[in-house]
Amino acid sequence: MAQLWGGRFTKQTDQMVYDFNASILFDQRLYRQDIEGSMAHVKMLAKQKILTEDERDEILRGLASILADMESGALAVTAEYEDIHSFVEANLIDRIGDVGKKLHTGRSRNDQVALDMRMYVREQVQKTDGLLKELLEVLLGIMEENVATYMPGFTHLQKAQPVTLAHHMGAYFEMFRRDRERMADIYRRMNYCPLGAGALAGTTYPLDRDYTAELLGFAGPTRNSMDSVADRDYLIEYLSALATIMMHLSRFSEEIIIWNSNEYRFVEIDDSYSTGSSIMPQKKNPDIAELVRGKTGRVYGALMGLLVTMKGIPLAYNKDMQEDKEGAFDAIDTVNSCLPLFAGMLATMSFRKDVMEASAKNGFTNATDVADYLVGRGVPFRDAHSISGKLVLACIAADKALDDLTLEEFRKESPVFDEDIYEAISMKTCVEKRLTYGAPGEEMMRRVIAECREYLEK
Ligand code: ARG
Numbered sequence: 520m521a522q523l524w525g526g527r528f529t530k531q532t533d534q535m536v537y538d539f540n541a542s543i544l545f546d547q548r549l550y551r552q553d554i555e556g557s558m559a560h561v562k563m564l565a566k567q568k569i570l571t572e573d574e575r576d577e578i579l580r581g582l583a584s585i586l587a588d589m590e591s592g593a594l595a596v597t598a599e600y601e602d603i604h605s606f607v608e609a610n611l612i613d614r615i616g617d618v619g620k621k622l623h624t625g626r627s628r629n630d631q632v633a634l635d636m637r638m639y640v641r642e643q644v645q646k647t648d649g650l651l652k653e654l655l656e657v658l659l660g661i662m663e664e665n666v667a668t669y670m671p672g673f674t675h676l677q678k679a680q681p682v683t684l685a686h687h688m689g690a691y692f693e694m695f696r697r698d699r700e701r702m703a704d705i706y707r708r709m710n711y712c713p714l715g716a717g718a719l720a721g722t723t724y725p726l727d728r729d730y731t732a733e734l735l736g737f738a739g740p741t742r743n744s745m746d747s748v749a750d751r752d753y754l755i756e757y758l759s760a761l762a763t764i765m766m767h768l769s770r771f772s773e774e775i776i777i778w779n780s781n782e783y784r785f786v787e788i789d790d791s792y793s794t795g796s797s798i799m800p801q802k803k804n805p806d807i808a809e810l811v812r813g814k815t816g817r818v819y820g821a822l823m824g825l826l827v828t829m830k831g832i833p834l835a836y837n838k839d840m841q842e843d844k845e846g847a848f849d850a851i852d853t854v855n856s857c858l859p860l861f862a863g864m865l866a867t868m869s870f871r872k873d874v875m876e877a878s879a880k881n882g883f884t885n886a887t888d889v890a891d892y893l894v895g896r897g898v899p900f901r902d903a904h905s906i907s908g909k910l911v912l913a914c915i916a917a918d919k920a921l922d923d924l925t926l927e928e929f930r931k932e933s934p935v936f937d938e939d940i941y942e943a944i945s946m947k948t949c950v951e952k953r954l955t956y957g958a959p960g961e962e963m964m965r966r967v968i969a970e971c972r973e974y975l976e977k
């Protein structure tokens with residue numbers, strides 16, 4: 520074990536304690552942010568005459584060589600250091616000698632880790648946003664091609680009213696669009712630099728926090744040094760948004776699993792995105808959709824874990840906060856791998872339009888339209904509802920669709936029916952009449968699709 524502290528200790532740390540306390544095995548993924556943060560800190564120290572320009576240049580060269588060696592794999596992280604901050608600093612001192620010991624002037628690991636984590640999350644938020652955008656592209660492509668692909672819309676998983684595939688996909692488009700808005704919102708709120716907060720109370724050196732914030736691409740410095748080192752709200756917000764993305768992906772997965780079943784046969788998942796069974800030769804399983812649905816649990820778990828970790832922590836930094844990392848990293852990796860997998864599965868999936876349309880036809884999805892037809896001819900809606908219900912009952916008994924009833928059969932329930940009933944309850948009419956904003960009628964759907972296209976392009 521190699522430590523950055525120890526002056527006031529007379530005994531070695533117990534090995535078990537050391538291992539328990541160490542975070543290097545997981546915080547090593549922050550090495551780039553740690554080094555970039557240190558570079559900005561050193562530039563600021565020199566600008567403020569706390570370091571000389573020569574000292575700055577030497578430290579910068581040392582840090583750059585560490586970064587290059589880590590990127591190339593020439594320098595591997597070893598467990599003898601407690602955390603990534605110690606690892607980088609010790610390496611720097613190894614490489615450039617005593618001047619390396621000046622790096623940590625006016626800084627604490629508390630504001631350092633707060634900075635590293637913020638920079639990491641800030642990048643990941645952008646990555647998630649990009650992946651969401653790619654998924655939206657796939658969705659919009661399907662929407663554009665399917666404004667006249669009729670399918671049943673469901674409530675209670677019972678066929679309700681006919682919609683189109685474009686409309687159904689459009690619902691997911693809205694969900695993932697809101698997810699992107701959450702990313703933008705989180706980014707805007709979190710983009711303030713905690714560096715310079717020190718351990719908790721700022722420092723006595725004349726640091727220029729605006730300058731480091733600017734060098735690192737933040738909108739400005741954080742306003743309260745205690746909050747700066749104790750705040751993990753941004754991470755909770757991100758995890759919450761990730762949990763919401765998984766909830767959306769999980770609902771979508773569930774639908775795909777149902778649609779892909781032998782009973783529905785609405786879709787066929789491409790061979791490249793399905794798996795077989797080791798015993799049943801006929802099987803082609805929707806494993807990817809099931810795994811995405813299953814992985815939702817661990818992302819929810821990360822959010823819940825961090826909320827519980829944070830709830831009892833007094834100001835300012837406490838070691839509990841080291842626990843922010845593993846769950847968050849796992850959740851971030853999970854979502855950022857589920858999104859492209861899901862988009863790929865969707866892009867390669869084929870839709871059986873004939874099966875979808877037939878399903879919409881034989882499920883009485885136009886029963887409301889029969890009632891609406893009667894209302895159009897002066898029958899009060901409550902009576903019309905009852906007449907249409909009786910016709911459905913007769914159809915069930917005769918095992919046929921409403922469209923298959925003869926005019927005579929229609930008239931048995933109400934004399935108001937005429938030849939035009941068939942046109943009025945055809946699948947096309949049922950959908951195309953629905954022309955309110957947000958409804959599936961083709962004309963409206965095309966307008967909404969154009970708006971979605973404009974949104975993606977801007
Ligand atoms: N590994 C620590 C963490 O992740 C870094 C900060 C350590 N600060 C301290 N005072 N021990 O939170």
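Under the numbering used here, the residues of the sequence shown are numbered 520 to 977, in order. Every residue gets a Cβ at the ideal spot worked out from N, C-alpha and C, and that includes glycine.
Item checked: Given D839 as reference, the closest of F848, L825 and M964 once Cα atoms are compared -> L825
Check: Is there a Cβ from chain D that is less than 9 Å from the Cβ of D891?
Finding: Among the chains in the structure shown there is no chain D, since it carries only a single protein chain.
Notebook entry, point to check: How big is the Cα-Cα spacing for I615 and E572?
Noted result: 15 Å
Notebook entry, point to check: What do you get for W524, buried or exposed, if any count of 16 or more other CB atoms within 10 angstroms of its CB means buried?
Noted result: exposed
Notebook entry, point to check: Under the criterion of a Cβ to heavy atom distance below 8 Å, does E608 qualify as lining the ligand ARG?
Noted result: no
Checklist line | Contact test: D538 Cβ vs the ligand ARG heavy atom, cutoff 8 Å | finding: no
Item checked: Spatial distance of G739 from T853 (CA atoms) -> 31 Å
Margin query: Runs of 4 residues minimum, wholly inside the region 640 to 721: which ones carry the alpha helix (DSSP H) assignment?
Written below: 684 to 709
Check: Does the ligand ARG have a heavy atom nearer than 8 Å to the CB of H623?
Finding: no
Checklist line | Residues near I578 by beta carbon distance below 6 Å, same chain, minus five either side | finding: V561 and L622
Check: What are the start and end residues of each continuous alpha helix (DSSP H) run of 4 or more residues lying completely inside the region 579 to 616, in chain order?
Finding: 603 to 615
Note to self: From the DSSP secondary-structure annotation, give me the bridge partner or partners of E787.
What the structure shows: S869
Margin query: Output needed for A866: all residues of its chain with C-beta closer than 7 Å, excluding positions within five of it in sequence on either side, in chain order.
Written below: V657
Notebook entry, point to check: Short check: CB of H521 to CB of S605, under 9 Å?
Noted result: According to the sequence displayed, residue 521 carries Ala and not His. Yes, Cβ-Cβ distance for A521 and S605 is below 9 Å.
Note to self: I need the straight-line Cα distance from Q534 to E700, nearest angstrom please.
What the structure shows: 47 Å
Item checked: Three CB pairs or more closer than 8 Å across the region 790 to 808 and the region 729 to 745 -> no
Next item on the list: Report, in whole angstroms, the separation of the C-beta atoms of K977 and S542, which I expect to be a contact under 8 Å.
Entry: Incorrect: roughly 41 Å between the Cβ atoms, too far for contact.
Next item on the list: Check the C-beta distance from R551 over to L582 and give it rounded, since I have them as a contact under 8 Å.
Entry: Not a contact, Cβ separation roughly 11 Å.
Notebook entry, point to check: Going straight from the alpha carbon of F900 to that of K909, what length do you get?
Noted result: 14 Å
Checklist line | Opening and closing residue of the alpha helix (DSSP H) in which H767 lies | finding: D752 to N779
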